[in-house]
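Residues in the sequence shown are numbered from 4 upward in steps of one, following my numbering. Virtual Cβ for every residue (Gly too), placed ideally from N, Cα, C. These notes concern the structure reproduced below.
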Amino acid sequence: MITLNYLIARTQMSVAMAVSLFTALGFLMGLIAVFMWKLSRVVKKKLPFIDKAAKQKIAS
4 MITLNYLIAR
14 TQMSVAMAVS
24 LFTALGFLMG
34 LIAVFMWKLS
44 RVVKKKLPFI
54 DKAAKQKIAS
């Protein structure tokens, strides 16, 4: 993140453009997080034996 701030400072970018850039980056990171969370829920529902195997390994 520090490198990104440095690059933006070096390009003589306006404040509005920097705010816009960081807003877009935050939005994209949020979308990626939501899709990863949804994907993990789908995988857990489709493969219930993984949870059972993990619980058995923890119990023993």
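Residue i and residue j: beta carbons closer than 8 Å?
i     : j     : result
Ile11 : Ala21 : yes
So, helix, strand or coil for residue i, using DSSP?
i     : result
Leu50 : coil
Thr14 : coil
Taking 8 Å as the limit between beta carbons, can you name the residues of its chain near residue i, skipping five residues before and five after?
i     : result
Val18 : none
Leaving out the 5 sequence neighbours to the left and right, which residues in its chain are closer than 6 Å to residue i when beta-carbon positions are compared?
i     : result
Arg44 : none
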